[in-house]
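Enquirer: Before anything else, here's the structure in question.
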Amino acid sequence: MWNGTQSVGECSSSNSLSSQQDVEDDRMIAVVLSEEYAKLDGAVARRLPKLAPVPHVPRINSYIPNLSDASLDHQRLLQRLNVYGLYEVKVSGDGNCQFRALSDQMYKSPEYHKYIRKEVVKQLKDCCALYEGYIPMKYKHYYKKMAKSGEWGDHVTLQAAADKFAAKICLLTSFRDTCFIEIMPQYQAPKRELWLSFWSEVHYNSLYDIQDAPIPPKPRRKHWLF
């Protein structure tokens with residue numbers, strides 16, 4: 001998500017998704033929605049029994065740390081992951097990492113990030129009264145900008161995702177004084193837990209209990225002799 005400068009990709013609203021991607025998304029979504037919501041097994045939460053979550057206040061991205069601060073923050077996050085026995089599934093840093101990490105938590109694949117973004121933006125548009133008070137700009141401009149592929153997600157989009165998907169979203173962060181942030185749906189009980197690591201203001205990854213960590217795929221051999 002961060003490479004020294006912010007990278008914004010081409011517009012990828014619901015109207016511009018390729019038909020092939022739509023078919024793949026719809027197939028996966030149909031499978032997921034045909035099953036019951038995942039139960040809150042608390043596998044990751046059991047690793048953090050003594051951490052009290054900090055109340056969440058939705059906000060947009062305003063401060064991007066310099067290279068020195070970002071490096072220190074990353075080391076702090078890695079230490080916390082090690083202390084609590086947690087494993088990151090790393091997602092691409094292409095500006096879509098928040099939505100990729102949410103996709104991995106919900107569908108065990110980061111590749112449905114376009115669907116996640118589309119649904120979050122729809123939530124922002126349909127329920128503007130819930131979020132516009134946190135946006136220090138013209139609200140319509142904000143959600144149109146957030147519809148673009150490569151536009152960084154923020155803590156407002158996380159709240160919208162929690163509301164849209166009836167999810168408790170938990171962040172293990174690299175903030176010095178805020179280790180654990182919990183984002184709850186505003187008007188319904190959560191039906192699932194989604195765990196993300198947050199290299200603060202820089203990058204999100206998907207988070208698992210180390211015992212439940214998915215096995216990474218083996219690299220494909222380039223030649224049969226090797």
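Take 1 as the starting number for the sequence shown in the UniProt record's numbering and just add one per residue. Where is the CB? At the ideal position from N, CA and C, for every residue including glycine. A quick note: this is a predicted structure, and the numbers were derived from the prediction, not measured.
(1) Is Tyr187 helix, strand or coil when you go by DSSP?
(2) Enumerated in chain order, which unbroken segments of the alpha helix (DSSP H) with a length of 4 residues or greater are wholly contained in the UniProt domain "OTU" (86 to 210)?
(3) For a test of the three-state rule: what should DSSP assign to Ala213, helix, strand or coil?
(4) Is there contact here, the stretch 69 to 79 with the stretch 122 to 135, by at least three beta-carbon pairs under 8 Å?
(5) Whether or not the stretch 179 to 192 and the stretch 150 to 163 are in contact is what I'm after, with contact meaning three or more pairs of Cβ atoms, one per stretch, closer than 8 Å; do they touch?
(6) Give the single residue among His155, Glu88, Tyr107 whose Cα lies nearest to the Cα of Gln211.
(7) Using the Cα positions of Glu112 and Arg176, report the straight-line distance between them to the nearest angstrom.
(8) Evaluate Met137 with the Cβ neighbour count: other Cβ atoms within 10 Å of its Cβ, from every protein chain shown; 16 or more gives buried, anything less gives exposed.
(9) Smallest Cα separation from Ser144: which of Lys168, Ala167, Glu119?
(10) Could you tell me the distance, in whole angstroms, from the CA atom of Ser109 to the CA atom of His203?
(11) Buried or exposed: Val121, going by 16 or more other Cβ atoms within 10 Å of its Cβ?
(12) For Met106 and Leu124, which I take to be in contact (beta-carbon distance under 8 Å), what is that distance rounded to the nearest angstrom?
(13) What's the C-alpha gap between Arg100 and Val83?
(14) My guess is that Gln98 and Thr157 are in contact by the Cβ rule of under 8 Å, so how many angstroms apart are they, rounded?
(15) In angstroms with no decimal places, state the Cα-to-Cα distance between Ile215 and Ser92.
(16) For a quick check, are the C-beta atoms of Ser197 and Leu172 less than 7 Å apart?
(17) Measuring CA to CA, which of Lys191, Asp94, Asp154 is closest to Ile135?
Expert: On the basis of the coordinates in this document:
(1) Start at 1 with the first residue of the sequence shown, and residue 187 comes out as number 187. DSSP places Tyr187 in coil when its eight states are reduced to three.
(2) 97 to 107, 113 to 126, 128 to 131, 139 to 146, 155 to 164
(3) Position 213 of the sequence shown, counting from 1, holds the residue named residue 213. Ala213: coil per DSSP, three-state reduction.
(4) Touching, no, given that fewer than three Cβ pairs across the two stretches are closer than 8 Å.
(5) yes
(6) Stepping through the sequence shown from its first residue, residue 211 is reached at position 211. With distances taken between Cα atoms, Gln211 lies closest to Glu88.
(7) Locating residue 112 in the sequence shown gives position 112, where the first residue counts as 1. Locating residue 176 in the sequence shown gives position 176, where the first residue counts as 1. A small correction: the amino acid at residue 112 is Tyr; Glu does not occupy that position in the sequence shown. So the alpha carbons of these two residues sit roughly 32 Å apart.
(8) Counting from 1 along the sequence shown, the entry for residue 137 is found at position 137. Flag for Met137 reads exposed.
(9) In the sequence shown, the residue the question calls residue 144 occupies position 144. Note on residue identity: the sequence assigns Lys, not Ser, to residue 144. Cα-wise, what sits closest to Lys144 is Glu119.
(10) As a first step, residue 109 is located in the sequence shown; it is residue number 109 there, counting from the start. As a first step, residue 203 is located in the sequence shown; it is residue number 203 there, counting from the start. Whole-angstrom Cα-Cα distance: 17 Å.
(11) In the sequence shown, the residue the question calls residue 121 occupies position 121. By the neighbour-count rule (16 or more Cβ atoms within 10 Å), Val121 is buried.
(12) Taking the sequence shown and counting its residues from 1, one reaches residue 106 at position 106. Taking the sequence shown and counting its residues from 1, one reaches residue 124 at position 124. About 18 Å; that fails the 8 Å criterion.
(13) Residue 100 sits at position 100 when you count from the first residue of the sequence shown. Residue 83 sits at position 83 when you count from the first residue of the sequence shown. Straight-line Cα distance between these residues: approximately 25 Å.
(14) Position 98 of the sequence shown, counting from 1, holds the residue named residue 98. Position 157 of the sequence shown, counting from 1, holds the residue named residue 157. About 7 Å; that satisfies the 8 Å criterion.
(15) Taking the first residue of the sequence shown as 1, we reach residue 215 at position 215. Taking the first residue of the sequence shown as 1, we reach residue 92 at position 92. So the alpha carbons of these two residues sit roughly 17 Å apart.
(16) Position 197 of the sequence shown, counting from 1, holds the residue named residue 197. Position 172 of the sequence shown, counting from 1, holds the residue named residue 172. Yes; because the gap between Cβ atoms is below 7 Å, this pair is in contact.
(17) Within the sequence shown, numbered from 1, the residue matching residue 135 stands at position 135. For the residues Lys191, Asp94, Asp154, the minimum Cα distance to Ile135 belongs to Asp154.
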